[in-house]
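Notes for the one structure printed next.
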Amino acid sequence: MPFKIIRNDITKVKADVIVNTANPNPICASGTDLAIYEAAGKEQLLAERAGIGKIARGDIAVTGAYNLKAKYIIHTVGPVWTDGK
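The sequence shown maps to residues -11 to 73 in our numbering.
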């Protein structure tokens, strides 16, 4: 399946999916996460994420994109790098 890497404002990209580096807990953090929640419709997206619950590091959760031009949001929690480990 072909894919395209786009450098643009993620909240304005028309795509099947956008990827959000998420907090493990269903909260709206800051930076890109905050921009996505605000553009998508914060209350709706927070409610769906709360229904999913905590996301383990290395796992993903998929939600609707609501008011965004994308169809879905993949929320992923990456590893934590501390003291070279």
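Each residue gets a CB set at the ideal place from its N, CA and C atoms; glycine is no exception.
The beta carbon of Thr(-1) lies closer than 7 Å to those of Ala23, Ile24, Ala27 and Leu56 in the same chain, with the five residues before and after it left out. Residue pairing of Tyr25 in beta bridges, as defined by DSSP: absent, with no partner found. In this structure Ile48 is exposed. Its beta-carbon is surrounded by fewer than 16 other beta-carbon atoms within 10 angstroms. Nearest Cα to Ala58 within the set Asp(-3), Ala44 and Val5: Val5. Selection Gly29, Asp71, Met(-11) and Arg37 evaluated against Pro12 yields Arg37 as nearest (Cα-Cα).
In the three-state DSSP reduction, Gly52 falls in the strand class (E or B). By the criterion of a C-beta distance shorter than 8 Å, Val68 is surrounded in its chain by Arg45, once the five residues flanking it on both sides are discounted. Excluding its 5 nearest sequence neighbours in each direction, Cys16 has C-beta neighbours in its own chain below 7 Å: Leu22, Tyr25, Lys30 and Leu34, listed in chain order.
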